[in-house]
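Peer 1:
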Amino acid sequence: MGSHWLAESEHLFPRQGKVRGDLKTDVLVVGGGFVGLWTAIHLRQLDPTCDVVLVEQNRCGHGASGLNGGFAMSWWPKIASLCKACGNDDAVWLADQTTRNIQGLQSFLNGFGHDVDLMQSGWLWTATTPAHIGSWNTVVEKVANLGRDGVFQQQSAQEIADRTGSSKHIAGIVEPINGTVNPVKLAAALVQIAQRLGVRIYEQTQVQHLDRGRPAQITTQEGTITADKVVLATNAWAASEPELSSRFVCVTSAAFSTEPIPERLADIGWTGGESITDSQARINYYRTTRCGRIVFGKGGGKLTISGRPSASVFYDKTLIDAALKDFRRVYPSLADVKIERSWSGPIDRTYNSLPLLGHLRGAPNINYGVGWSGNGVNPSQIGGRILAGLALERNERWTKNGLVGNHNRRFPPEPIRYLGGNLVLGSVRRKDAAEISGRAPTVIDRKLAGLGPSGLEDK
Ligand SMILES: Cc1cc2nc3c(=O)[nH]c(=O)nc-3n(C[C@H](O)[C@H](O)[C@H](O)COP(=O)(O)OP(=O)(O)OC[C@H]3O[C@@H](n4cnc5c(N)ncnc54)[C@H](O)[C@@H]3O)c2cc1C
């Protein structure tokens, strides 16, 4: 149990004290994951006179940011949803920013002397069953129509099989700029960079009550914080704010890591560091690490009732077993490889799988950036930049683009959301299983599965 990344690199995080007593600050950032950390960094870079405090209820980087697959992805696979949410101009601008951020990450980190095992080796969007061939066609076409036809490159079936090391991949495309990181090394680097820039970080400090006044008054276990501005970067825990809880569901994603197998990877030919997904709705995502392990994950696990992460989201055994079964199917020649660790974590999935950025009702001084929907490793940089701009009240494209304040579709209230959500998830599971085994899904399963939120890619 527990994430491979945390087991291997947890020692990189400097321990921080708690808030004890009363504090005052210009901007309080709540949440020590990628979104909160990037926000704090951007705040200090944009305005070095701005006092910034970041509080984390547990330890920084121990939420989803320390549990993920480490795929650093652009927003191009979501371009249709982005265009719908904010218009073509802003959509292309934002997607271009995600590309630029991946390209600029290494030099940003170099500037502070950090290495996060970034491998910019491309992401392969593949099909492992005939029913999934061409799942990417509408995205590729849309991107080309928007004048960015170089973003994705077609691959032959042979190239896909060769690059992935498995003939189960029968078709696919590549987005060459995408990469992978060690997410815990990235989170630890961001903590240290934030501190170097002057951010005051407190751990084991849970925001228990948020009074929406101006300034905002925050109560923690052993103290209070008075802040002119607050930024909520609290992933699915943000469901404690009633106006946000109907905007996303909390669903698990699970992953496991193998023992290091560099020679076996060389035997099968998966040596380029590519990250790979298949085209199931309950998506499989897999990549190699610098020392030759495979980290293999699966999305679309169980729903939580309140929308908030419960303890059980951190070890969803059913989903881990489903991921393992798919691994054996896609890589039968690696059936004997030892699985070292397995874990799961919360995904704050919105209806269109794009984040929610804006301010709480009647409280322009309290901004939020949640709902990253399983693609937060790289887009959190954009999130942090937008949230920093909002907190500093900057009049600029970062704060004025169509994503800010965009309210996508609400989920129904409980218990309909939980019961209906499980009905839909059941159909999604059966539809995936039918397609993978070469059968046609039933009409009911196809219809019900279509009611679920959109995924990592627009299909
Ligand atoms: C298994 C898994 C695999 C994934 N794979 C990928 C991937 O390969 N690529 C990708 O881009 N994305 C992936 N994701 C999603 C990605 O990890 C998230 O989108 C990203 O980490 C979100 O960052 P965050 O800062 O919003 O959330 P978090 O890292 O969860 O940070 C939020 C923090 O807020 C803290 N908090 C909550 N409430 C309070 C409070 N009241 N007071 C103080 N602190 C509080 C929490 O403890 C937490 O540390 C994956 C997620 C999971 C679970």
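In case it helps, the working numbering puts the sequence shown at residues 1 to 459. Think of the CB as a built atom: it goes at the ideal place given N, C-alpha and C, for glycine as much as any other residue. Being a predicted model, the structure only gives us computed values, none of them experimental.
1. What three-state label does DSSP hand N378 in the structure shown?
2. Hey, would you say the C-beta of N58 is under 6 angstroms away from at least one heavy atom of ligand 1?
3. Using a Cβ-Cβ cut-off of 7 angstroms (strictly less than) and excluding sequence neighbours within five positions of V181, which residues of its own chain qualify?
4. Got a sec, what are the start and stop residues for the beta strand (DSSP E) L303 sits in?
5. Give the straight-line distance between the Cα atoms of P332 and R282, rounded to the nearest whole angstrom.
6. Near D326, which residues of its chain fall below 6 angstroms by C-beta distance, leaving aside the five closest residues on each side in sequence?
7. Enumerated in chain order, which unbroken segments of the alpha helix (DSSP H) with a length of 4 residues or greater are wholly contained in the stretch 231 to 305?
8. Take N58 and list the residues in its own chain whose beta-carbon comes closer than 6 angstroms to its own, dropping the five residues that flank it on each side.
9. Along the chain, where does the alpha helix (DSSP H) containing I41 start, and where does it finish?
10. With which residues is M119 paired in a DSSP beta bridge?
11. On a CA-only basis, which of I276, V249, G292, Y286 is nearest D267? Give me that one, please.
12. At what residues does the beta strand (DSSP E) containing S344 begin and finish?
13. Considering only the alpha carbon of each residue, which of H62, G32, T128 lies closest to G438?
14. Have a look at the DSSP bridge pairing and note the partners of E457.
15. Apart from the five residues just before and just after D432, which ones in its own chain have a Cβ nearer than 7 angstroms to its Cβ?
16. Where in the stretch 90 to 163 do unbroken runs of the alpha helix (DSSP H), each at least 4 residues long, occur, reported from the N-terminal end onward?
17. Taking 6 angstroms as the cut-off, does the CB of L54 come closer than this to any heavy atom belonging to ligand 1?
18. Taking 6 angstroms as the cut-off, does the CB of N375 come closer than this to any heavy atom belonging to ligand 1?
19. Using the rule of at least 16 other Cβ atoms within 10 Å of the residue's Cβ for burial, across every protein chain shown, is V443 buried or exposed?
20. Buried or exposed, going by whether 16 or more other CB atoms sit within 10 Å of the CB of N375?
21. CB of Q206 to nearest heavy atom of ligand 1: below 6 angstroms?
22. In terms of alpha-carbon separation, which member of L28, T39, Q16 lies closest to W398?
23. Does the stretch 92 to 109 come within contact of the stretch 75 to 82, defined as at least 3 CB pairs closer than 8 angstroms?
24. Where does the unbroken beta strand (DSSP E) through V313 begin, and where does it stop?
25. With burial defined as no fewer than 16 other Cβ atoms inside 10 Å of the residue's Cβ, what is the status of T288: buried or exposed?
26. Buried or exposed: which applies to R196, given that a residue is buried once 16 or more other Cβ atoms fall within 10 Å of its Cβ?
27. Could you round the C-beta distance between N406 and C60 to whole angstroms and report it? I think they count as a contact, below 8 angstroms.
28. Per DSSP, what kind of secondary structure is V460 in: helix, strand or coil?
29. I need the DSSP call for T442, collapsed to helix, strand or coil.
30. In terms of residue numbering, what span does the alpha helix (DSSP H) encompassing E435 cover?
31. Would you decide whether Q153 is buried or exposed? Buried here means 16 or more other CB atoms lie within 10 Å of its CB.
32. Look at P346 and A236 and say whether their C-beta atoms are less than 7 angstroms apart.
33. Let me make sure I understand the geometry here. Which of G300, S310, L334, P309 has the alpha-carbon closest to that of T318?
34. On the DSSP bridge assignment, give the partners of Q217 in chain order.
35. Is F108 a contact residue of ligand 1, with contact defined as CB to any heavy atom under 6 angstroms?
36. Compute the Euclidean distance between the alpha carbons of D228 and N101, then round it to the nearest angstrom.
Peer 2: For this structure:
1. Along the sequence shown, read from residue 1 onward, the residue named residue 378 stands at position 378. N378: coil per DSSP, three-state reduction.
2. Reading the sequence shown from its first residue, position 58 is the one you call residue 58. Checking every heavy atom of ligand 1 against the Cβ of N58, one is found closer than 6 angstroms.
3. Here residue 181 corresponds to residue number 181 of the sequence shown, with the count starting at 1. Excluding positions up to five away in sequence, the list reads G70, A72, V116, D117, L118, V377.
4. Indexing the sequence shown from 1 puts residue 303 at position 303. Run containing L303: none; DSSP gives neither H nor E here.
5. What you label residue 332 is simply residue 332 of the sequence shown in a count that begins at 1. What you label residue 282 is simply residue 282 of the sequence shown in a count that begins at 1. Their Cα atoms are separated by approximately 20 angstroms.
6. Position 326 of the sequence shown holds residue 326. Within the same chain, and ignoring the five residues on either side of D326 in sequence, the residues whose Cβ sits closer than 6 angstroms to its Cβ are N284.
7. Here the runs fully enclosed are 242 to 245, 262 to 268.
8. Numbered from its first residue, the sequence shown carries residue 58 at position 58. Short of 6 angstroms from the beta carbon of N58, and not among the five residues preceding or following it, lies no beta carbon of its own chain.
9. Position 41 of the sequence shown, counting from 1, holds the residue named residue 41. Secondary structure note for I41: its alpha helix (DSSP H) is the uninterrupted segment 34 to 46.
10. Residue 119 sits at position 119 when you count from the first residue of the sequence shown. DSSP, once it has assigned bridges, lists T180 as partnering M119.
11. On the sequence shown, position 267 is the one that residue 267 refers to. Relative to the Cα of D267, the nearest Cα in the group I276, V249, G292, Y286 belongs to G292.
12. The residue labelled residue 344 in the question sits at position 344 within the sequence shown. S344 -> beta strand (DSSP E) spans 339 to 350.
13. Looking up residue 438 in the sequence shown gives position 438. Taking only the C-alpha atoms, the option nearest G438 is T128.
14. Position 457 of the sequence shown, counted from the start, is the residue given in the question as residue 457. DSSP, once it has assigned bridges, lists no residue as partnering E457.
15. Residue mapping note: residue 432 aligns to position 432 of the sequence shown, counting from 1. The answer, listed in chain order, is Q280, A281, R282.
16. Counting only runs of 4 or more, we get 137 to 145.
17. Here residue 54 is taken as the residue at index 54 of the sequence shown, counted from 1. Checking every heavy atom of ligand 1 against the Cβ of L54, none is found closer than 6 angstroms.
18. On the sequence shown, position 375 is the one that residue 375 refers to. Yes, since a heavy atom of ligand 1 falls inside the 6 angstroms radius drawn around the Cβ of N375.
19. In the sequence shown, the residue the question calls residue 443 occupies position 443. So V443 ends up on the exposed side.
20. Translated into positions along the sequence shown, residue 375 becomes position 375. For N375, the number of other beta carbons within 10 angstroms of its own is at least 16, and it is reported as buried.
21. Position 206 of the sequence shown, counted from the first residue, corresponds to residue 206. Flag set: Cβ of Q206 near ligand 1.
22. Here the question's residue 398 lines up with position 398 in the sequence shown. If we check each option's Cα against that of W398, T39 comes out closest.
23. Taking 8 angstroms as the limit for Cβ pairs, the verdict is that the stretch 75 to 82 does touch the stretch 92 to 109.
24. The sequence position of residue 313 within the sequence shown is 313, counting from 1. Premise fails: V313 is in no beta strand (DSSP E) and is neither H nor E.
25. Taking the first residue of the sequence shown as 1, we reach residue 288 at position 288. Its Cβ being crowded by 16 or more others within 10 Å, T288 is buried.
26. For the purposes of this step, residue 196 is identified with residue 196 of the sequence shown, where counting begins at 1. Burial call: exposed.
27. For this step, residue 406 is matched to residue 406 along the sequence shown. For this step, residue 60 is matched to residue 60 along the sequence shown. In fact, because the Cβ distance is near 28 angstroms, the residues do not count as touching under 8 angstroms.
28. It is not possible to answer for residue 460, since the shown part of the chain is limited to 1 through 459.
29. On the sequence shown, residue 442 is found 442 positions in, with the first residue counted as 1. It is coil, neither helix nor strand.
30. For the purposes of this step, residue 435 is taken as residue 435 along the sequence shown, with counting starting at 1. From DSSP, the alpha helix (DSSP H) with E435 extends over 416 to 436.
31. Working through the sequence shown from its first residue, we reach residue 153 at position 153. With fewer than 16 neighbouring CB atoms inside 10 Å of its own CB, Q153 falls in the exposed class.
32. As a first step, residue 346 is located in the sequence shown; it is residue number 346 there, counting from the start. As a first step, residue 236 is located in the sequence shown; it is residue number 236 there, counting from the start. Between P346 and A236, the CB-CB gap stays under 7 angstroms.
33. Walking along the sequence shown from the start, residue 318 turns up at place 318. It is G300.
34. Position 217 of the sequence shown holds residue 217. According to DSSP, Q217 shares a beta bridge with D211, T226.
35. Counted from its first residue, the sequence shown places residue 108 at position 108. In this structure, the C-beta of F108 stays at least 6 angstroms away from each heavy atom of ligand 1.
36. The residue labelled residue 228 in the question sits at position 228 within the sequence shown. The residue labelled residue 101 in the question sits at position 101 within the sequence shown. Straight-line measurement puts the Cα of N101 at about 29 angstroms from the Cα of D228.
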